[in-house]
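As given, the protein sequences belong to chains A and B, one line each in that order. Note that the first sequence covers residues 555 to 795 in my numbering. Note that the second sequence covers residues 555 to 795 in my numbering. We put the beta carbon where it would ideally sit given N, CA and C, even for glycine. Note that this is a predicted model, so its numbers are computed, not measured.
Protein chains: 2
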Amino acid sequence: MQNTSSGLAPLVRQLLNRSKLTEEDQAAILAMPHQVKQIPALNYIAREGDRPTHSCALISGFAVRHKTVGAGGRQIVNIHMAGDMVDLQNSLLACADHSVQALTKVEVALIPRQAIEEIAFERPAVGKALWVDTLAEGSIAREWVANVGRRDAKTRVAHLLCEFAMRLEAAGLGQQCNYELPMTQEQIADTVGLTSVHVNRTLRALDTEGYTKRSKRSVVINDWKRLAEVGDFNPLYLHFA
Amino acid sequence: MQNTSSGLAPLVRQLLNRSKLTEEDQAAILAMPHQVKQIPALNYIAREGDRPTHSCALISGFAVRHKTVGAGGRQIVNIHMAGDMVDLQNSLLACADHSVQALTKVEVALIPRQAIEEIAFERPAVGKALWVDTLAEGSIAREWVANVGRRDAKTRVAHLLCEFAMRLEAAGLGQQCNYELPMTQEQIADTVGLTSVHVNRTLRALDTEGYTKRSKRSVVINDWKRLAEVGDFNPLYLHFA
DNA sequence: CGTGTTTTTGACTTCAGTCAATTAAAGTGG
DNA sequence: CCACTTTAATTGACTGAAGTCAAAAACACG
Numbered sequence: 555m556q557n558t559s560s561g562l563a564p565l566v567r568q569l570l571n572r573s574k575l576t577e578e579d580q581a582a583i584l585a586m587p588h589q590v591k592q593i594p595a596l597n598y599i600a601r602e603g604d605r606p607t608h609s610c611a612l613i614s615g616f617a618v619r620h621k622t623v624g625a626g627g628r629q630i631v632n633i634h635m636a637g638d639m640v641d642l643q644n645s646l647l648a649c650a651d652h653s654v655q656a657l658t659k660v661e662v663a664l665i666p667r668q669a670i671e672e673i674a675f676e677r678p679a680v681g682k683a684l685w686v687d688t689l690a691e692g693s694i695a696r697e698w699v700a701n702v703g704r705r706d707a708k709t710r711v712a713h714l715l716c717e718f719a720m721r722l723e724a725a726g727l728g729q730q731c732n733y734e735l736p737m738t739q740e741q742i743a744d745t746v747g748l749t750s751v752h753v754n755r756t757l758r759a760l761d762t763e764g765y766t767k768r769s770k771r772s773v774v775i776n777d778w779k780r781l782a783e784v785g786d787f788n789p790l791y792l793h794f795a
Numbered sequence: 555m556q557n558t559s560s561g562l563a564p565l566v567r568q569l570l571n572r573s574k575l576t577e578e579d580q581a582a583i584l585a586m587p588h589q590v591k592q593i594p595a596l597n598y599i600a601r602e603g604d605r606p607t608h609s610c611a612l613i614s615g616f617a618v619r620h621k622t623v624g625a626g627g628r629q630i631v632n633i634h635m636a637g638d639m640v641d642l643q644n645s646l647l648a649c650a651d652h653s654v655q656a657l658t659k660v661e662v663a664l665i666p667r668q669a670i671e672e673i674a675f676e677r678p679a680v681g682k683a684l685w686v687d688t689l690a691e692g693s694i695a696r697e698w699v700a701n702v703g704r705r706d707a708k709t710r711v712a713h714l715l716c717e718f719a720m721r722l723e724a725a726g727l728g729q730q731c732n733y734e735l736p737m738t739q740e741q742i743a744d745t746v747g748l749t750s751v752h753v754n755r756t757l758r759a760l761d762t763e764g765y766t767k768r769s770k771r772s773v774v775i776n777d778w779k780r781l782a783e784v785g786d787f788n789p790l791y792l793h794f795a
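1) Consult DSSP for residue 560(A) and reduce its assignment to one of helix, strand or coil.
2) Can you tell me whether DSSP reads residue 597(B) as helix, strand or coil?
3) For a contact meaning CB atoms closer than 8 Å, what does residue 690(A) contact in chain B?
4) The beta strand (DSSP E) with residue 672(A) in it runs from where to where?
5) Would you decide whether residue 556(A) is buried or exposed? Buried here means 16 or more other CB atoms lie within 10 Å of its CB.
6) At what residues does the beta strand (DSSP E) containing residue 612(B) begin and finish?
7) Figure out for me which residue from 650(B), 601(B), 625(B), 772(B) has the closest Cα to the Cα of residue 729(B).
8) Based on DSSP bridge pairs, tell me the residues matched to residue 633(B).
9) What would DSSP say about residue 730(B), mapped onto helix, strand or coil?
10) Please specify which runs of the alpha helix (DSSP H), each continuous and at least 4 residues long, are wholly inside the stretch 723-772 of chain B, giving them in chain order.
11) Strictly below 7 Å CB to CB, what residues from chain B border residue 752(A)?
12) Can we say the stretch 635-644 of chain A touches the stretch 559-572 of chain A, given the rule of at least three CB pairs closer than 8 Å?
13) Which residues in chain A sit within 7 Å of residue 778(B), going by Cβ to Cβ distance?
14) Round the Cβ separation of residue 646(B) and residue 792(A) to the nearest angstrom and send it over; I've been treating them as touching at under 8 Å.
15) Could you check where the beta strand (DSSP E) with residue 654(A) kicks off and where it finishes?
16) How far does the alpha helix (DSSP H) with residue 659(B) in it extend, from its first residue to its last?
17) Excluding five sequence neighbours on each side, which residues of the same chain lie with their C-beta closer than 7 Å to the C-beta of residue 664(A)?
18) Go ahead and label residue 596(A) buried or exposed: buried means 16 or more other beta carbons lie within 10 angstroms of its beta carbon, across all protein chains shown.
19) Please check the pair residue 725(B) and residue 568(B), which I expect to be a contact at CB under 8 Å, by giving their CB distance rounded to whole angstroms.
20) Can you find the residues in the same chain that come closer than 7 Å, C-beta to C-beta, to residue 677(B), ignoring five residues on each side of it along the sequence?
21) Residue 678(B) touches chain A at which residues, Cβ-Cβ below 7 Å?
22) Flag this pair as touching only if the stretch 652-669 of chain B and the stretch 670-684 of chain A have three or more C-beta atom pairs under 8 Å; answer yes or no.
23) Any idea if residue 764(B) is buried or exposed, counting beta-carbon neighbours within 10 angstroms, 16 or more meaning buried?
24) Let me know if residue 721(B) comes out buried or exposed under the rule of 16 or more other beta-carbons within 10 Å of its beta-carbon.
25) In angstroms with no decimal places, state the Cα-to-Cα distance between residue 599(B) and residue 767(A).
26) Within 10 angstroms of its Cβ, does residue 691(A) collect 16 or more other Cβ (buried), or is it exposed?
27) Comparing the C-beta of residue 574(A) with each C-beta of chain B, is any distance below 7 Å?
28) Does residue 765(B) come within less than 7 Å of chain A when only Cβ atoms are used?
29) Let me confirm a value: residue 615(A) is counted as buried when at least 16 other C-beta atoms fall within 10 Å, else exposed. Which label applies?
30) Cα separation between residue 650(A) and residue 619(A)?
31) Can you name the residues of chain B whose CB is closer than 8 Å to the CB of residue 653(A)?
32) From the DSSP output, in three-state form, read off residue 664(B) for me.
33) Taking 7 Å as the cut-off, decide whether the C-beta atoms of residue 747(B) and residue 626(A) are in contact.
34) Whose C-beta lies closer than 7 Å to the C-beta of residue 705(B) among residues of the same chain, with five residues either side of it excluded?
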């Protein structure tokens, strides 16, 4: 398998956003055994209750992790893009406590659990990079707790737009101030803990007040600083080196 | 340092809730260099923006991690009890994105960052246990996103009471259906994303409707199953083995 | 005891949800 | 390429859960 053609190249790219890795370490990651799989939009990559045997890295497309609550609602608890490990969570822990769903058509690399554990402990730098990614993911989840717990609708939505912008750019998938948001307003609602109707009104307000310019799914951020301000957005929690 | 008297005994106990560790591995954890420190209630163990040089395991008492949002509110994003690693997060990542505050008088063990990294890679079982704990913590954060994002007040509060009950019992610090909740109603409010007034009304309602019996800070759960039901509580996400 | 939290309660407000209908966009098959 | 469906976005009128403000009661503690 040639390095640059490995399906795991996006994973390496993302890990480098938070950790240093030698050429050798990078090559070792690229050389991990894996199987590429296509998944159509809205299909499930994993389901709550699964006991997965493989870890899964996103090669292209977008996916979310979500939970279903008793009252029938759903809450999106993570958004994933190319290069993200989608379920280290599901791999080291015995049982999935949430589902992973493709938002768009998606390509994933399935990596045997064993291979992840081996590389993590044979190559400490790689192990540490994966661990750091796990921590960063936890950090993002905590920021989301604060976002849905203590911010009003406008701030919440603006915050999401900012986070997505920065992560996209870090993943090399778009520009921070001009990108495609691959989500319906209903999916945004399930992410920020609002209803789709209110998300609609809020997005509209952000447009009207000149923070953004949207058409279809495309988002143009007119003034990053101003949007970051209404969104109470401080990128520290993303832990990009 | 004798094993049973090591300040790190609670840490080992907690790790065993999610991972298997040989006697040898356990001894190695207990033997990590560390310094015990007392911290009075409400003091800070770490502050947002710190660049910590030590990791910190809780030996006794309770602590929270919280974030401050622009509008002046605060959101508690984690609750910690004896045996929890309070800031692996802060230790492997460069910069703390939240503060850690003692809820009660607290004893912590400060462990040099280096020592954590060494043991993690010299003893894969220990490294994996720490990693699993990191993942479990992320899992709890995700459940909190769902709790705050998609559940109503009564459900949220009941869920918190259930989570606390289970974690206390797992940590060997109390009984699942009869424990002391070391938080004011205002702190509960900052945890579940409500106001203290509404938390008061909600706790009262749970009492009136017979789910719980409270006096001061003590909580008695009359019927676990019923409370878990209104709280939409499924302990899977805690990932106790 | 007195002072300062914490808990409780009541009256009123508001932000976001609900319900329902309309418009716009994106597919689909002939 | 056009009628036909389906999904997504938008808008308006009304509701309701939780927030705000303010004051009283109950504790906790030096």
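According to the data block:
1) coil
2) coil
3) 647
4) It is not in any beta strand (DSSP E) - residue 672(A) instead sits in the alpha helix (DSSP H) that spans 667-676.
5) Below a pLDDT of 50, predicted positions are generally treated as unreliable, and residue 556(A), at 40, falls in that range; no measurement from the model is reported.
6) 608-614
7) 772(B)
8) 618(B)
9) coil
10) 739-746, 750-762
11) By Cβ distance, chain B contributes nothing, its closest Cβ being about 13 Å from residue 752(A), past 7 Å.
12) yes
13) Result: empty, since nearest Cβ-Cβ is about 16 Å, beyond 7 Å.
14) Not quite, the Cβ-Cβ distance comes to about 15 Å (not below 8 Å), so this is no contact.
15) 653-656
16) Element bounds for residue 659(B): n/a, residue is neither H nor E.
17) 588, 589, 591, 608, 610
18) exposed
19) 6 Å
20) 579, 582
21) 675
22) no
23) exposed
24) buried
25) 43 Å
26) buried
27) no
28) no
29) buried
30) 11 Å
31) Near residue 653(A) there are no residues of chain B at all, since even the closest Cβ is about 12 Å away, more than 8 Å.
32) strand
33) no
34) 713, 786
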